[in-house]
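Report on the following structure.
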Amino acid sequence: MVLKRFSPTSLHNRVLMLTLVGFLFSTITVALLVFRYLQDDSTELLVEQQQVMVDMVVKQIDSALQTRIDYLEAFAETLHSKNTLYPNDRIQTALKLDTHLQSLFSGGVVVTSSQGISLADYPTVPNRTGLDYSDRLHLQQARQLKASVVTEPLLGKGLNSPLFAINTPILSASGEILGFLFGVNLLAQDNLLKSLSQPTLNDSGRTLIIDPNLGIYVTDTDKGVALESYRHEQHCDCIELLERGITSGITDSIEGEPVIFTSAKLNHMGWIVIRNYPLHKAMQTINHLSEKIIWVIFITSLLMAGIIAYLLKKLLRPLTTATRDIQKMAEGTLQTQELTINGHDEVGQLLAAFNQLNRNQNRYQQALKESEERYRLTLEATQTGLWSWDLRDNSIHWDNQCYQMIGYQDQAFQLDTTLLRKLMHPDDQVHFFSSFLPQLLNNDSAEMQFRLLTHDNRWHWVKSRGKPIRFSETHQPLVVAGTHMDFEQQKQTEQMRLAAAAFESNDAIMIINAEHSIIKVNNAFSQITGYSAKEAIGQRYTLLHSGVHKRPFYEALLDSLNQTGKWKGEIWYRHKDGSIYIAQVSINTLFNDDNSVYQRIVTFADITEKKRTEELIWKQANFDPLTNLPNRRMFMERLTHEIRLAARSKTTLALLFLDLDNFKQINDTLGHGVGDQLLIEVAARFTQLIRGSDTVCRLGGDEFTLILPQIDGPAQVKQVGDKILNVLKQPFKLDHQLRYISASIGAALYPQDSQDAEQLINMADQAMYSAKEAGRGRLKLFVPGMQAISLKRTQLTKDLQLAIKREQFQLYYQPVISLEDMSVVKAEALIRWNHPQEGLMFPHQFMQLAEQSGTIQAIGDWVFEAAVQQAKQWRHQLNPHLQICINACQAHFETKDSGSAHQRWIDIARETEMEPASISVEISEGLLMESSTDTQDKIDQLREAGIQIGLDDFGTSFSSLAHLSRMNIDYLKIDRTFIRNLNADSEDLTLCNAIIVMAHTLGLKVIAEGIETQEQHQLMLQAECDYSQGFFYASAMTPEQFEQWHKTFKLSPPIND
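Position one of the sequence shown corresponds to residue 1 (UniProt numbering), numbered consecutively onward.
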């Protein structure tokens, strides 16, 4: 009974044990903390107490020493007359009579002469009179200081015992030393130090006095250790602590017992007083108090344990009773009833909550019973059955409703997957086992409609839903369950609705019987064919035949229907109004039980517009809309196709790549409309020129390609090229004027040059660039060296991207001379590229690449900024009105993602505070002719920013007075082609004179470019040309060369005759 009562499973016992353990743990913890703090505080207090006592001893010793020094100094004054000592017997008598002096010095008092020879002493010690003390350090110190000196511990000469002395010099009235008086204190017996410390510290501890300078003991209250070295024999651990700077604390004695040690320093002698006191004696009172506290805690704990046990038993009695009753209710030995509640505390609230839970449970059970009954009735009313599938043993369970659904009695057979396959329609099994079941196994819910075989061998539609309901530890489904719903009626209704909807769809439907007569059509049929249902029904199916398809077509169609029952394709039908259209037709056959034709269902849609759209889309995708030539896409298809044919027939194929020369200039000067008309006429001439097997394509812009299959070799290619060039030499009538154009052609051969289409295109392109570089208007066949040139062009394009960052560009300057006074008024900035591999490169070698790659913008910005800085420097050094001219191209006036170059130049001019007219921008005639409103606005903005505008290479294009007068320009530059052959009788001189007169009429200045001889210089001077430029004066120079040339030219310019 005792073990049962105190069973650890009892809530009462567990609460009691936990409460007592908690109480005892808390009490013991508090007690330990109290003891710990009590001991720590007591120890600290005891240390402080001992320190106070040591400080008192030190103070007393210092006071006693000072008293002895004062008395000796006073007594010394009684031992001499004004300038001499008294006789020895008088001094001996004085020593003998002064008892107080004798009491102050346990070792006696000695008087010496000024040389340190003992004259008298008391008490008299044999052989001490006459001793020589002159070698004593304290006597020498007293002689030097002429003041009292306390000696170090030493061994007395006369007493032959450890002692220390106070030596006082005996001084005459004039301060001369007459002798010495020193009192001696013994250290080997009860002495001054012990007598002073014992009353204060009592004898329960130990007192040491050490001299740290000599490393010796001065005295010890426990044993005579005077003058012994504490470094050779350790008498106390506290000395080691003092040497480490610790002056007090707890340490161990020589016997290993803990002691309290304190220390203090004697001011007069530099000695240290050390006090040791046993810790157990100091803590004796504290320990007695601790024992009493432990007994109080123990007795209190016992009382509290009893009180807690009583209170717990009383508090938990209702809970114990309720536990017993609930257990009996669960066992069925007690009728279910509400528990008795005796209070409103937590236990009472718990019992009340249990009673409420019991009432709720009874209501829930009743509601569940009613819900299950309603659910059963609902399933029966909706013809829905329940099923479950145990995947562990592959057993399937159906309820009664599932069996009745297919005409069987409840549990008529035991179902598994094998029997389920036999019951399920073959067409539904694939979906069931490949989709429905895997979804369930993947922890998803699933739904499916399938057919089951009934008891009377009919197929019955069932709609099944399911989901996993039980899982393994790895969350894999173990059991799936769901419902079977009778779906036969809904399926029939759905099929009828779909059939009706399909019959009235947007596609025409025509049903034909076995006799090939139309028996039914829908509304879409009448809308597409124009025949009403009344007009069509009863007619033969040939009613719609257009006559486009011949007899073999229909024979093949009937053969397909007879073999497969199906046919699908496109048929041209005839409308009621006689027009024909193309239809997308699908024919399906319904068969009788004997496999004879029952009906054929023909569905079709008018796809005429779709075909037209597809044809238009195909044409737009494959042909150039401007010239109607094949575009790049079709070109690639044709080229690939022709290469395959050439490979099979082992023949040669040529690819020509053609680019119109200076086409951009036509676009810029005459407008894009005229440029488009030129492209159309060029395409027409190409089309008339080529063979039927050839293909000419427009890739874009002014680029064309020609594919020439089955050619004999390079000679034939040259013949074709010559024909093309001759055709293009014929004038084109554009904008009511005759215009001339040429082309650069590159050619590559298959398979000699390459067997790959892309490589063949690249090679023809490289050959075309070679033709342009050779002077344009010619044909070039690809040779291997061209590939290296192309690679070089590609590498140069890459290098251009880095040239500015690597500071590889440099500006050279060619002077422009005023013909009026032969002064240097302008300098044209000409860019050079210091390429690390190619060396110094001129603009014609890389500017075209710059325009194609887009780096022309960054280069233009760099040139403008460098020119501004150079102009600012030279205006200060050379000529305050000097102007630097830079060249601009069409690209600089086009708005890119980074903006327009003209605006960036204006910003640079403002940021650098550029002086007006210090920079001029020279544009081409082509840009002048393009003359759009946007370009004119940009040129005006440059002039408003203080930048002048010049027209470069005037006379090489189609500009007119109208263009010149419309544009705000400051000067024009006569092209060097008019100056090159200039002489007094040439037509070029007439043209130059006309240009100068015209320009002056418009208020423009004129620069003659390309002056190379004295005669040309004189002719332009006579024509009243404003400025001249050319090798006659100087070639382009670096800034340093320009500055040196300017100095020389200024001193000796050419003379105007």
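All residues carry an ideal CB built from backbone N, CA and C; glycine is no exception.
DSSP places H902 inside the alpha helix (DSSP H), whose first and last residues are A901 to E911. In the DSSP assignment, A446 falls within the unbroken beta strand (DSSP E) covering A446 to L453. Residue burial annotation: I293 is exposed, with fewer than 16 other C-beta atoms found within 10 angstroms of its C-beta. With a threshold of 16 other beta carbon atoms within 10 Å, W389 meets it and is buried. If you check the CB distance, F978 and G955 come in under 8 Å.
Contact check for N360 against L339 fails: the beta carbons are separated by 8 Å or more.
Pairing R698 with T627 gives a Cβ-Cβ distance under 8 Å. Here V125 has G108, G158 and L159 as same chain residues with Cβ atoms under 8 Å from its own Cβ, once five neighbours each way along the sequence are excluded. Counting along the chain, the unbroken alpha helix (DSSP H) around F1042 starts and ends at P1039 to L1051. When DSSP states are grouped into helix, strand and coil, T19 belongs to the helix group. In the DSSP assignment, W387 is bridged to W398 and G482. Of the candidates L178, S161 and L749, L178 places its Cα closest to the Cα of T168.
The three-state reading of DSSP puts H881 in coil, since its state is none of H, G, I, E or B. The DSSP assignment places 652-660, 695-700, 703-711, 732-734, 737-739, 743-750 and 779-781 as complete runs of the beta strand (DSSP E) inside the UniProt domain "GGDEF" (651-784), in order along the chain (cut-off: 3 residues). In this structure the region 980-989 lies against the region 1013-1030, because at least three pairs of beta carbons, one per stretch, are closer than 8 Å. Per DSSP, Q284 lies in no beta strand (DSSP E) segment; the continuous alpha helix (DSSP H) that holds it begins and ends at Q284 to E331.
Non-local C-beta neighbours of D765 in its own chain, meaning closer than 7 Å and more than five positions away in sequence, comprise F657 and G746, ordered along the chain. Looking at the DSSP output, S435 bridges to nothing.
Contact between the region 557-566 and the region 467-487 is not established, with fewer than three Cβ pairs separated by less than 8 Å. One thing to note: F553 has its Cβ no nearer than 8 Å to the Cβ of Q584. Taking a C-beta distance under 8 Å as the contact criterion, A1034 and P815 qualify as a contact pair. Per DSSP, L849 lies in no beta strand (DSSP E) segment; the continuous alpha helix (DSSP H) that holds it begins and ends at M847 to S853. Scanning the region 65-153 for uninterrupted beta strand (DSSP E) segments of 3 residues or longer gives 108-113 and 118-122, listed from N- to C-terminal end. Residues T43, P258, I260 and L279 of the same chain have their beta carbon placed closer than 7 Å to that of I250, with the five preceding and five following residues left out of the count. Secondary structure note for F471: it is in no alpha helix (DSSP H), and the uninterrupted beta strand (DSSP E) holding it is W459 to F471. In the DSSP assignment, A524 falls within the unbroken alpha helix (DSSP H) covering N523 to T529.
Within the same chain, and ignoring the five residues on either side of D507 in sequence, the residues whose Cβ sits closer than 8 Å to its Cβ are A524, T603, F604 and A605.
As DSSP reads the structure, K973 sits in a beta bridge with I1007.
A straight line joining the alpha-carbon of Q337 with that of A322 spans about 11 Å.
Cβ-Cβ separation between I512 and S546: approximately 18 Å, too far for a contact (criterion under 8 Å). Looking at the DSSP output, Y217 bridges to I210. G569 sits in a strand when the DSSP states are folded into three classes.
R540: not part of any beta strand (DSSP E); DSSP gives it neither H nor E. Nearest Cα to L653 within the set H641, K463, K872 and K82: H641. In the assembly as shown, F180 is a buried residue. Its beta-carbon has 16 or more other beta-carbons within 10 Å.
L639 and I761 have their C-alpha atoms some 9 Å from each other.
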